[in-house]
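These notes are about the structure you will find just below.
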Amino acid sequence: MKTYFQIFFILYSLSLKSQIPDSILYNWNNNEPIEKSLPTKIINAINYGFDNAGKADNSSLLQKIIYTAKSDSQTVIVFDEGTFKFTKTIFLQSNITIEGKGAGKTILLFDNTGKGHLFDISSKQQNKFYVANSNIYKSTSNFDLDSIPLENKSYCELLINSKGLATSEWAMQSIGQIVKINSIINNSALIYGDFKHDFLISDNLRYRKITPITNVNFKFFSIHRIDKTSDQTNNFNFNYAVNCSIKGVESINCNMSHISFSKSYNCKVSDSYIHHAFEYGGGGKAYGVELSNTTSSCLIENNIFENLRHSILLQSGANGNVLTGNYSTKPYWNEGLLPQNSAGEIVLHGNYPFANLIEQNQIGNIVVDNSHGINGPDNMFLRNKVTLWGVYMNNGSGNNTHFIGNEITGILCSFAGNNNFILSNFSTNSDTITNKNFKLPSSLYFAEKPCWWPKKILFPTIGNANTFNIGNIPSSYRYNFDSLRALNSSENTFLINFTSKNKIDKNTVKFTFESNLQVNVKTVNLEIVSSNFQLWKILDENLSNEFLFQKYSFTDSLKVQNTTCFRWKIVANNNTEINSDTFCILLNTAKNFDISKDEFNVFPNPFCEKILINTSETTQVTIFDNTGKIILYKQVFAGEPNEISTLSLKKGIYLLKIGNDDKSYSRLIFKE
């Protein structure tokens with residue numbers, strides 16, 4: 108059934124795309140995975156002597172691990188909770204993952220005394236360029252190799268002369284495209300995706316094989332820079348990088364850019380929170396994500412940007428990149444008489460970026476300017492919500508720029524240039540919708556609703572056929588409900604305050620489930636364990652609708668006739684299950700005990716012949732069966748683990764209580 112609906116979605120979207128001229132449409136989805144499947148080697152930073160108290164410098168230790176990592180596996184360096192101090196640029200090599208325990212929990216604190224990038228993900232190129240003998244045309248996917256030495260699955264950099272396209276001297280070698288060879292047949296190379304521009308031999312078309320740095324990933328931590336630099340430095344500096352990613356990262360304070368991509372291909376930034384800078388003046392300061400210098404086919408999705416001069420900036424030949432699902436707020440710049448909040452949050456900045464897709468973002472200001480010359484053709488703005496100043500495009504900033512199905516509630520709605528395709532935009536400035544009955548595709552990138560978009564939220568939520576100025580994208584909820592702004596899970600389930608409480612009034616128990624916010628959840632159910640303590644069954648209706656994008660508390664009650672245990676169970680869209688701590692009602696003692704994970708340790712669990720108990724104080728341990736009968740009672744002592752034999756227990760589930768009548772904690776234990 109799911110396959111049927113996917114096919115229907117694709118066919119329906121294609122029928123709507125046909126109403127947009129084919130000449131301005133491209134294959135923006137290369138369908139190539141970001142992370143590769145390699146054998147994984149896990150390295151725990153603490154076990155290698157890293158300091159997580161924010162005192163000792165960890166730079167040399169981390170650099171040594173990176174340089175000694177073997178290339179035949181993906182080395183995952185895991186940082187536990189705490190603050191890890193660094194004072195030097197960290198240089199990456201291929202097949203390295205830096206992973207924490209979540210933004211705000213794992214903090215990488217950098218003080219480079221005003222020098223250098225924080226993480227440098229770069230590769231130097233030595234291969235020479237070869238002059239092409241055949242033209243390449245946009246929207247095609249193959250080209251003649253001639254005598255150029257390229258192999259299957261290799262990466263290729265194409266360039267043409269930039270005269271008349273780029274203005275800045277530093278951008279003169281940037282007009283072209285980075286591609287990957289999918290296959291080679293009879294001296295003809297087929298690439299992933301398609302070409303986003305005509306590349307002609309009359310413009311000195313040339314290309315070369317490149318050897319990029321690949322498979323570098325950053326996940327689930329905060330990075331905080333505390334030193335200001337005079338040079339243009341970045342927190343994450345990608346240059347000739349391929350298949351690299353940043354996911355669930357909070358980046359605090361930058362000089363030039365938080366994240367910069369140059370000459371890079373098929374990289375991704377997602378689920379992250381990027382905010383604040385040291386200075387907000389001109390000359391390259393306070394950028395969130397910068398895509399420049401031929402960077403091609405990168406994906407920037409589902410992020411939050413706050414208090415930046417430019418949240419996402421495209422310039423100098425950046426092409427084929429996709430910006431979607433991003434939320435930006437509180438733009439700020441120091442720019443003379445101009446309002447401080449009028450900075451462009453998504454910006455086309457000149458030097459000829461072309462054929463980029465900007466869809467379903469929620470921002471204050473879109474700016475297309477000629478700060479560094481013209482912008483290239485076929486940059487597509489689809490279904491964006493622009494809420495502060497609006498859209499500003501000045502004369503001389505380029506032609507063939509397309510605005511379709513955008514909600515522009517700001518006061519500016521300025522479209523300049525020639526041959527623009529402008530349809531179905533709503534503007535409060537004119538209180539009109541251009542071509543109101545024009546049917547829009549849901550997306551020009553997604554074939555179906557993305558995994559991070561809740562199933563119960565309309566997709567798309569912005570643009571034609573929706574109620575104007577009502578819909579909001581998921582990342583805006585993450586920000587405005589004070590939730591996890593940098594998501595700290597790869598399981599597509601994100602919960603806050605997943606708690607349960609209960610009270611007894613005679614034989615009646617009341618349950619409360621509280622949550623600030625959760626997304627991408629199929630079901631939220633209260634479950635009860637069966638009488639044999641081995642099977643759980645659903646006790647109450649699915650409550651997931653109640654907890655969608657809002658603070659909510661649910662309370663229910665029922666009568667209990669025997670010792671009973673309950674839990675909350677969450678099932679994510681990808682079928683990942685998350686269970687709350689179990690809480691049990693012991694009617695024979697007329698008390699309830701919340702299962703606590705923190706007051707004592709019981710291991711192993713499940714167990715076979717024995718259990719070990721760690722406790723901070725000398726106290727009593729009682730084990731109950733499913734009828735509430737005491738089957739074991741023993742004193743345990745503070746300090747080293749206390750061993751308890753369980754040979755006499757049958758297979759099943761038991762309740763272990765530690766403490767006395769004045770203070771006690773409980774936990775379910777399982778014998779296999």
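Going by the working numbering, the residue at position 184 of the sequence shown is 291; the numbering climbs one at a time, nothing skipped.
Just so you know, even glycine gets a beta-carbon here, dropped at the ideal spot from N, CA and C.
I677 is bridged by DSSP to V631, I685.
The criterion of a C-beta distance shorter than 7 angstroms is not satisfied by E555 and F533. S379 is a Cβ neighbour of N410, given a cutoff of 7 angstroms. Per DSSP, the continuous alpha helix (DSSP H) segment holding T175 begins and ends at 166 to 175. Counting every other CB atom within 10 Å of its CB across the protein chains shown gives L145 a total below 16, marking it as exposed. Ranked by Cα distance from Q233, the options C263, Q170, G471 are led by C263. Taking a 10 Å sphere around the C-beta of I292, we find fewer than 16 other C-beta atoms and assign the residue as exposed.
With a 10 Å radius around the Cβ and a threshold of 16 neighbouring Cβ atoms, I320 comes out buried. Distance from the CA atom of N767 to the CA atom of S773, rounded to whole angstroms, is 11 angstroms. By the neighbour-count definition (other C-beta atoms within 10 Å, threshold 16), Y244 is an exposed residue. The Cβ atoms of L216 and T190 sit closer than 7 angstroms to each other.
For K717, the CB contacts under 7 angstroms within the same chain, skipping 5 residues up- and downstream, are E750, I751, S752, T753 in chain order. When only Cα atoms are considered, A679 and Y372 end up about 31 angstroms apart. Here I288 is buried: its Cβ has 16 or more other Cβ atoms, across all protein chains shown, within 10 Å. Nearest neighbour of V498 by Cα position, chosen from T274, D476, N507, N482, turns out to be D476. Judged by DSSP in its simplified three-state form, A278 adopts helix.
The criterion of a C-beta distance shorter than 7 angstroms is not satisfied by K492 and I381. In the three-state scheme derived from DSSP, where H, G and I count as helix and E and B as strand, N240 is classed as coil. Assignment of D218 by DSSP, reduced to helix, strand and coil, places it in the coil class. For Y584, the enclosing alpha helix (DSSP H) covers residues 581 to 587. In this structure, L312 sits away from Y459, with a CB-CB distance that is not shorter than 7 angstroms.
Inter-segment contact for the stretch 315 to 332 and the stretch 206 to 223 is present: three or more beta-carbon pairs are separated by less than 8 angstroms. DSSP lists E413 as the beta-bridge partner residues of T436.
Under the DSSP assignment, S449 falls outside any beta strand (DSSP E); it carries neither an H nor an E label. Sorting Y314, P256, K260 by C-alpha distance to the C-alpha of S281 places Y314 at the top. Counting only residues of its own chain and dropping the five nearest sequence neighbours on each side, F575 has a CB closer than 7 angstroms to the CB of E514, F533.
Per the C-alpha coordinates, the member of N712, N526, F328 positioned closest to L763 is N712.
The criterion of a C-beta distance shorter than 7 angstroms is not satisfied by S399 and G427. When secondary structure is reduced to three states using DSSP, Y772 falls in the strand class. Residue pairing by DSSP places C263 opposite V286, K316 in a beta bridge.
Between V429 and Y299, the C-beta spacing is not below 7 angstroms. Straight through space, the alpha carbons of I645 and Y387 are spaced by roughly 54 angstroms. In the structure shown, A152 falls within a helical segment according to DSSP collapsed to helix, strand and coil. Just measuring C-alpha positions, the residue of K375, F385, G389, G390 sitting nearest V396 is K375. The continuous stretches of beta strand (DSSP E) do not include R490, and DSSP gives it neither H nor E. Sequence-distant partners of V454 (beyond 5 residues in either direction) whose C-beta falls short of 6 angstroms from its own C-beta, in its chain, are H417, L420, V474.
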